[in-house]
Amino acid sequence: MFKITDVEKLRDAYTLLAFIRDTTTAEQKSGMAAFIASIKKEIRAYNNRPAPDSRIIEERGIDGYIELVQLPNELDKANKVDAAEWFRENHYYEVYPTAYDCSGQRFTIWYKLHRRCGHWFAYHSVGFDV
4 MFKITDVEKL
14 RDAYTLLAFI
24 RDTTTAEQKS
34 GMAAFIASIK
44 KEIRAYNNRP
54 APDSRIIEER
64 GIDGYIELVQ
74 LPNELDKANK
84 VDAAEWFREN
94 HYYEVYPTAY
104 DCSGQRFTIW
114 YKLHRRCGHW
124 FAYHSVGFDV
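Below you can see the structure in the form of structure tokens.
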């Protein structure tokens, strides 16, 4: 009914709840109880969603970004060669030639694997074709 997918829609949901709280009477609120409950449920679902496996640690605007990627737990016992192979197959962005100069596609500039707390992580520098 009211799907929250980003911060802007989350802000809209809070604004709508505040509007309903401030401008409606008790009788009107009782008629909208299911709608209000669904909005609150969506807010909780968005706020309690699982953390992503990567996070941007340095933003460079149109020049790209550097992200920290946690590799899956299944690779914790793997060696560096196997972890690098998994990273190249799943997170590495190749540049594909196009007829246009500025395609906007992402590509991997470099990556560096390291272990932290028994898990494999990768610093991944990504650029944009602009």
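Numbered per the working numbering, the sequence shown spans residues 4 to 133.
We put the beta carbon where it would ideally sit given N, CA and C, even for glycine.
Boundaries of the alpha helix (DSSP H) around S33: A29 to G34. Counting along the chain, V84 sits inside the alpha helix (DSSP H) bounded by residues K83 to N93. G107 and V133 do touch by the CB rule: their CB atoms are close to 6 Å apart, below 8 Å.
Here G67 is buried, its C-beta having at least 16 other C-beta atoms within 10 Å.
Annotation for Y95: T111 place their beta carbon closer than 6 Å to its own, counting only its chain and skipping 5 residues before and after. The continuous stretches of beta strand (DSSP E) do not include A21, which lies in the alpha helix (DSSP H) extending over residues V10 to T26.
With contacts defined as CB atoms closer than 8 Å, K115 and A125 qualify as a contacting pair. In this structure, W123 sits near D79, with a CB-CB distance shorter than 8 Å. Contact annotation, A16 with I46: C-beta distance approximately 6 Å; criterion of less than 8 Å satisfied.
Within the same chain, Cβ atoms closer than 8 Å to the Cβ of E62 are found at Y68, the five residues on either side in sequence being excluded. Rounded to whole angstroms, the gap between the alpha carbons of Q31 and F131 is 51 Å.
Under DSSP, I59 takes part in a beta bridge, and its partners are E70.
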